[in-house]
Each structure stands twice: as structure tokens, then as C-alpha cells.
Amino acid sequence: MLRMPKFELERPASLAEALELLADASVESLIVAGGTDLLPNLKHELFTPARVVSLERLGELRGMRELEGGWLAIGSMTRLDEVAGDARLAARAPALAQACSLVAGPQLRTMGTLGGNVLLDTRCQWYNQTYFWRAALGFCLKKDGSVCHVVEGGAKCVAAASNDSAPALMTLGAELVFVRAGGRRVVPIADLWLADGAMNKKLESGEILTEIRLPPRGAGHRGAYGKLRERGSIDFPLLGVAARLELDAQGAITEADLVLGALAARPVRVRRVAEELAGLRASSNDLDAALGRVAQLAYKQCHPLPNVPGDHEWRREMVPVYVRRTLDAALARQGPVRDA
Ligand SMILES: Cc1cc2nc3c(=O)[nH]c(=O)nc-3n(C[C@H](O)[C@H](O)[C@H](O)COP(=O)(O)OP(=O)(O)OC[C@H]3O[C@@H](n4cnc5c(N)ncnc54)[C@H](O)[C@@H]3O)c2cc1C
Ligand code: SF4
Numbered sequence: 004m005l006r007m008p009k010f011e012l013e014r015p016a017s018l019a020e021a022l023e024l025l026a027d028a029s030v031e032s033l034i035v036a037g038g039t040d041l042l043p044n045l046k047h048e049l050f051t052p053a054r055v056v057s058l059e060r061l062g063e064l065r066g067m068r069e070l071e072g073g074w075l076a077i078g079s080m081t082r083l084d085e086v087a088g089d090a091r092l093a094a095r096a097p098a099l100a101q102a103c104s105l106v107a108g109p110q111l112r113t114m115g116t117l118g119g120n121v122l123l124d125t126r127c128q129w130y131n132q133t134y135f136w137r138a139a140l141g142f143c144l145k146k147d148g149s150v151c152h153v154v155e156g157g158a159k160c161v162a163a164a165s166n167d168s169a170p171a172l173m174t175l176g177a178e179l180v181f182v183r184a185g186g187r188r189v190v191p192i193a194d195l196w197l198a199d200g201a202m203n204k205k206l207e208s209g210e211i212l213t214e215i216r217l218p219p220r221g222a223g224h225r226g227a228y229g230k231l232r233e234r235g236s237i238d239f240p241l242l243g244v245a246a247r248l249e250l251d252a253q254g255a256i257t258e259a260d261l262v263l264g265a266l267a268a269r270p271v272r273v274r275r276v277a278e279e280l281a282g283l284r285a286s287s288n289d290l291d292a293a294l295g296r297v298a299q300l301a302y303k304q305c306h307p308l309p310n311v312p313g314d315h316e317w318r319r320e321m322v323p324v325y326v327r328r329t330l331d332a333a334l335a336r337q338g339p340v341r342d343a
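Following this line, the structure appears as C-alpha cells:
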């Protein structure tokens, strides 16, 4: 049986109190939101903080509110099932609602939060294991060791960004609001990531993610999320595909974006998608061929590694399949895409 290690649990009743606790550099602290990833990681001794600061009582971090200029703010402690089931989001950010609807299983979506999903630690089949298992292997670069078992001789960890919401939020141009004692910063989500699986986010000490902000989108906004996984009822992604299209009043594509997750330490944006699709209408004879070219672009630019379970060569073959299905679903205002 895996045991929870000892730590001091703080349950502040206000954001100010939480920030004050986190500002105390004399105690190594970690934040817990829903705890659905952090608690298993603590049991696996991947982290050994002296103190855990829970955001559970901070009601101000829950729910959604409209901002000036048509932006929508989602509190970081908003549960994944609330995001997945919100009618507003289904219309204005379908890729995000669909991605959240496919995270883990129903119980975990009831506990897990959007903020926790955005800030999820990277995953690797050689890392998300018990201490005993990792010790038997001689540990690895990301924790307690000096070698990588995925890339022989690799100097950098390539554990995967496996958070389903991240590719969707990237296509949506989301911004993240971080607050710390005496400071605040707003970061476009595309600028959050580092290409290093040991720590794939640029975070400052003692800061809390308070809001995820979505820019306004017009009536021609289309989006969808596709997820490849072993067990449709619960697993992390073997591949995640988020697509965004913007159509003008005549139904022609004016913008397009495609971001894939679970490949590398950061979500991967496929290049030259907008150029291939610009100006095409759903009724155009050229659209089918252009979508096929986009699927091939993704195939050429994406190279899954044996960092997460599943045959990585098969995962690569599934890249164009899932890209095409997800783009089709976005155009048809359907999704999510989930069957292999
Ligand atoms: C069996 C199983 C299956 C899963 N499947 C999936 C899956 O398919 N897809 C997926 O994306 N995830 C999956 N997860 C992981 C997890 O359930 C989700 O990612 C969930 O959204 C994490 O949110 P949380 O609130 O529980 O985060 P926590 O576990 O509480 O925290 C996660 C990380 O974020 C930090 N953090 C959380 N909130 C904040 C904040 N507001 N400010 C600063 N730091 C913060 C924590 O310190 C921690 O490092 C799975 C987990 C399990 C156990
Ligand atoms: S990618 Fe390599 S270093 Fe990173 S967690 Fe996996 S085995 Fe460890």
C-alpha cells in the first residue's frame, strides 16, 4: 500500500492568506487544488514538501465572469466537469469544453480543476511510478537520477505535457493570471512553456494561478478536441489534438490553428496550417485535399517518443488520422473525437 508522506497542511480562507503562506521561503511549500495529480505524486515520493497549501476554501477562484472587451475569465479552481458542461463555453470555446470532458474519468473531473490541469506536471512511464520501482531502475534525470530512459544519452528530460486543456487553450489564445505576494503578471499561455520535461513551465516562486482568460470569438468560431487513449473511460492522452478555425460570414476560413499534446515537454503547434486552409469554404472542392495536406504537415512535424505508454510509432501513424478527424469535427461543429 502506498502511504501519504508527512507534511503540514494549510487551508487558508482567503487569497491574501494563501499568498502570505507561500511567500514564506523558510518552508518548502506546494499548492494543492483538486489534488488528483498532486496526491498520487506525493505518494510516489516525486515531491516531498514540508507544507501543502490547499486552495480548496478560496471561493473567489471558482466560476466564470465576463470581462470588458468580451473576454471570459474562468477561475483556476473551477472544476473540470463545470468547464465541460458549461453552455457558454460549448459555444465560444468548444475545444476547451471537449478537452475537459475527456480528462480522466467522472470522479476525477469532479475533483480536478482547470488551474491544476494547466499546471499539471509532465508525465513519463519511467517517472510516474513508485519510489521502489524508480529505485530499482536507478531513477532518472527528472528525479533522483542522472540518466534518461527515453532518449539514450539524453541530457534533457522529454517527459510529456499530458494536460488535455493545454492544446485547446493554446489554440484559443488564452491568457493566465498569476498572483504572488506583492505582484501579479498576465502570461499568454503560449509563453508559459519550456522545452524541458523536468520543469516545463516558467513559474515564479510563491505564485498562484488565479484565472484563465479567453479572448472573444465571433459567430464563425469553430473548434474541436481529439484524444487518443488506451481506455476511453479514464486514461491520460497518448495524443491530444486541438483545432481552431475562424470562418467569415460567407463561410470562408480566415484563421486556423492546430496544437498537439502528449508528444513532448510542451504542446506542439503545427506550422503552416493557416496558409493551407486560408480562403477555403466548407463547400469548396479544394477543402478535402487541403485538409489532407494539413494532416501530412502534422505527421512531418510531430515525432512521438516512448515517454508515455503505447507504441510511439503507432502513435505517430495516428497523428494525421486524429488531425483530420478533429478538423472535420470542428468544421461540422461536432466533437470530441475519441475512438481509435
Ligand atoms: C487515473 C488518473 C487519470 C488522469 N487522466 C488525465 C487525463 O486524461 N488528462 C489530464 O489532463 N489529466 C489527467 N489526470 C490528472 C489530473 O486528474 C488532472 O490533470 C486535473 O485537472 C488536475 O487538477 P487538480 O486540481 O487535481 O490539480 P492538483 O493535483 O491539485 O495540482 C496539479 C499541479 O498544479 C499545481 N496547482 C494547482 N492549482 C494551482 C494554482 N491555482 N496555482 C498554482 N499552482 C497550482 C499543483 O501544485 C500541482 O503541481 C489524471 C489523474 C489520474 C489520477
Ligand atoms: S523523459 Fe527521461 S528524464 Fe524525463 S522522466 Fe522520462 S526517463 Fe526520466
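Position 13 of the sequence shown, counted from 1, bears residue number 16 in the numbering used here, the numbering being contiguous throughout.
From the three backbone atoms N, C-alpha and C, an ideal C-beta is built for every residue, glycine too.
Remember, predicted model here, so these are calculated numbers, not experimental data.
Compute the beta-carbon to beta-carbon distance between residue 161 and residue 44, rounded to the nearest angstrom, for a pair I have assumed lies under 8 Å.
Going by Cβ atoms, the distance from residue 161 to residue 44 rounds to 19 Å, so no, they are not a contact pair.
Three-way DSSP call (helix, strand, coil) for residue 4 in this model:
Residue state, collapsed to three classes: coil.
Buried/exposed call for residue 282, threshold 16 Cβ in 10 Å:
The residue is exposed, with fewer than 16 neighbouring Cβ atoms inside 10 Å.
Classify residue 321: buried if its beta carbon has 16 or more other beta carbons within 10 angstroms, exposed otherwise.
Under this definition residue 321 is a buried residue.
Between residue 325 and ligand 2, is there a pair consisting of the residue's CB and a ligand heavy atom that are separated by less than 7 Å?
Checking every heavy atom of ligand 2 against the Cβ of residue 325, none is found closer than 7 Å.
Are three or more beta carbon pairs between the segment 110 to 123 and the segment 167 to 180 nearer than 8 Å?
Output reads yes: the segment 167 to 180 touches the segment 110 to 123.
By a C-beta neighbour count over all protein chains shown, 10 Å radius and 16 as the cutoff for buried, is residue 317 buried or exposed?
Result: exposed.
Residues of its chain near residue 230, where Cβ-Cβ distance is below 6 Å and the 5 sequence neighbours each way are ignored:
Within the same chain, residue 230 has close Cβ partners 105, 240, 243, 341.
Buried versus exposed call for residue 145 [16 or more other C-beta atoms within 10 Å across all chains shown]
By the 10 Å Cβ count, residue 145 comes out buried.
From the DSSP output, in three-state form, read off residue 272 for me.
Note: residue 272 maps to strand in three-state DSSP.
Between the alpha carbons of residue 334 and residue 248, how many angstroms are there, rounded?
If you take the alpha carbons of residue 334 and residue 248, they lie about 8 Å apart.
Sorted by chain position, which residues of the same chain lie with C-beta nearer than 8 Å to residue 256's C-beta, five sequence neighbours on each side aside?
Only 248, 249, 250, 280, 281, 282, 283, 284 meet the Cβ criterion.
Neighbourhood of residue 53 by C-beta distance below 8 Å, restricted to the same chain and skipping five residues each side
In its chain, beyond the 5 residues on either side, 10, 11, 30, 31, 32 have a beta carbon closer than 8 Å to the beta carbon of residue 53.
Just the C-alpha distance for residue 151 and residue 254, rounded to the nearest angstrom, thanks.
Here the alpha carbon of residue 151 sits roughly 48 Å from the alpha carbon of residue 254.
Suppose you measure from the CA of residue 185 to the CA of residue 116; what does that come to, to the nearest Å?
For residue 185 and residue 116, the gap between their C-alpha atoms comes out near 25 Å.
Check this for me: beta carbons of residue 79 and residue 192, under 8 Å apart or not?
Not closer than 8 Å, so no.
Identified DSSP bridge partners for residue 204:
DSSP, once it has assigned bridges, lists 196 as partnering residue 204.
Jot down the residue ranges of each uninterrupted alpha helix (DSSP H) in the segment 247 to 302, minimum 4 residues, whole runs only, in chain order.
Within the segment 247 to 302, the runs of alpha helix (DSSP H) that reach at least 4 residues and sit entirely inside it are, in chain order, 276 to 280.
Using a Cβ-Cβ cut-off of 6 Å (strictly less than) and excluding sequence neighbours within five positions of residue 111, which residues of its own chain qualify?
Within the same chain, 39 come within 6 Å of residue 111 by CB-CB distance, once the 5 residues on both sides are set aside.
Residue 225 versus 99, 181, 312, residue with shortest Cα-Cα distance
That would be 99, whose Cα lies nearest to the Cα of residue 225.
Straight-line Cα distance separating residue 314 from residue 234
Distance between the alpha carbons of residue 234 and residue 314 is about 15 Å.
So which residues touch the region around ligand 2, with touch meaning a C-beta under 6 Å from any heavy atom?
Those residues are 127, 129, 130, 143, 144, 145, 151, 152, 153, 160, 161, 162, 200, 310, given in chain order.
Classify residue 55 as helix, strand or coil using the three-state DSSP reduction.
Looking at residue 55 - three-state DSSP - the assignment turns out to be strand.
Name the DSSP bridge partner or partners of residue 11?
Answer is 54, bridged to residue 11.
Quick one: grab the DSSP three-state call for residue 158.
Under the three-state reduction of DSSP, residue 158 is assigned to coil, being neither helix nor strand.
Do residue 3 and ligand 1 come close, with the Cβ less than 7 Å from some heavy atom?
Past the boundaries of the shown model lies residue 3; the chain is included only from 4 to 343, so the question cannot be answered.
Would residue 217 pass as a contact of residue 96 if the rule is Cβ separation under 8 Å?
The Cβ atoms of residue 217 and residue 96 sit closer than 8 Å to each other.
State the start and end residues of the unbroken alpha helix (DSSP H) segment that holds residue 326.
Where residue 326 is concerned, the enclosing alpha helix (DSSP H) stretches over 315 to 334.
Tell me where the beta strand (DSSP E) around residue 191 begins and ends.
186 to 191 is the span of the beta strand (DSSP E), which, as asked, contains residue 191.
Excluding sequence positions up to five away, which residues of its chain have a Cβ less than 7 Å from the Cβ of residue 65?
Around residue 65: 78, 80, 81.
Report the residue ranges of all alpha helix (DSSP H) runs contained in full by the segment 85 to 162; include only those spanning at least 4 residues, in chain order.
Secondary structure within the segment 85 to 162: the alpha helix (DSSP H) runs of 4 or more consecutive residues, fully enclosed, are 90 to 95, 97 to 104, 109 to 114, 117 to 121, 134 to 139 (chain order).
By alpha-carbon positions, which one of 149, 220, 18, 4 ends up nearest to residue 209?
Comparing Cα positions, the closest option is 18.
Within-8 Å CB hit, residue 9 to chain D:
Checking the listed chains, one finds no chain D in this structure; it contains a single protein chain.
Using 8 Å as the threshold, is the segment 271 to 280 in touch with the segment 295 to 308, meaning 3 or more CB pairs across them?
Using a Cβ-Cβ distance cut-off of 8 Å, the segment 271 to 280 and the segment 295 to 308 are in contact, since at least three pairs of beta carbons, one from each stretch, lie closer than that value.
Quickly, what does DSSP pair residue 211 with across the bridge? List them, please.
Residue pairing by DSSP places residue 211 opposite 182 in a beta bridge.
Going straight from the alpha carbon of residue 102 to that of residue 212, what length do you get?
C-alpha separation (whole angstroms): 20 Å.
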